[in-house]
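Numbering (UniProt numbering), first residue to last: 1 to 204.
Where a beta carbon is used, it is the ideal one built from N, C-alpha and C, also for glycine.
Taking it in order: structure first as structure tokens, then the write-up.
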């Protein structure tokens, strides 16, 4: 898949006007490099508009699905938690997006700068946040995304506080195989410097 967006491009995504033209350009990119589809990494916060997200995702779906291509979207950890999505991240997952996508990458990291608080969040994820996600998505569409954690900042995919430990990632992988839609990693290119520890764990 080709990923479009990211934190540094959130303003551009929020400012999309011609969603059909955007979808056409995405299809052209997919065709040029023979990608399997598009992953939308919309990390907009303050200017997040659910109607806008539904509009561009609908255009992408209409353009990609007839071609047999995949369409996925990334989401912040709390986007499906009713009492936290608006308060913590300033956005909530639009349920109308679910039928448009093949799966949703739930970014289960960057939750708190405080080590103890972050670890507590990760420890309870399966019982609270993951359950909230599977309440709004068919479980096979809920992909748990984790980040590479390392003492060397060049090898870290985690950007805001500590990521989940390998022990936690192991538990999440087991849970996802039984009750979810799989695992994802940010970033595989960094995992090469960690002897592919995460890749081996997630796919083994």
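Buried or exposed (CB count within 10 angstroms, at least 16 for buried), residue i
i: residue 176; result: buried
i: residue 45; result: exposed
i: residue 190; result: buried
i: residue 66; result: exposed
i: residue 198; result: buried
i: residue 12; result: exposed
i: residue 90; result: exposed
i: residue 184; result: buried
Three-state class that DSSP yields for residue i in the structure shown
i: residue 37; result: strand
i: residue 76; result: strand
i: residue 147; result: strand
i: residue 4; result: strand
i: residue 113; result: coil
i: residue 100; result: helix
i: residue 106; result: strand
Pair within 8 Å by beta-carbon distance, residue i and residue j
i: residue 59; j: residue 23; result: yes
i: residue 61; j: residue 71; result: yes
i: residue 123; j: residue 148; result: no
i: residue 118; j: residue 162; result: yes
i: residue 137; j: residue 169; result: no
i: residue 108; j: residue 135; result: no
Cβ neighbours of residue i in the same chain (closer than 7 Å, five flanking residues each side left out)
i: residue 256; result: Only positions 1 to 204 of the chain appear in this structure, which leaves residue 256 out of reach.
Own chain, CB closer than 6 Å to residue i, minus 5 neighbours either side, in chain order
i: residue 16; result: 22 and 56
i: residue 41; result: 3, 5, 6 and 74
i: residue 10; result: 43 and 44
i: residue 88; result: 78
Open item on the list: Tell me whether the segment 91–101 and the segment 144–157 touch, counting them as touching only if at least three CB pairs, one residue from each stretch, are closer than 8 Å.
Closed with: With a cut-off of 8 Å, the segment 144–157 and the segment 91–101 do not count as touching, because too few Cβ pairs lie within range.
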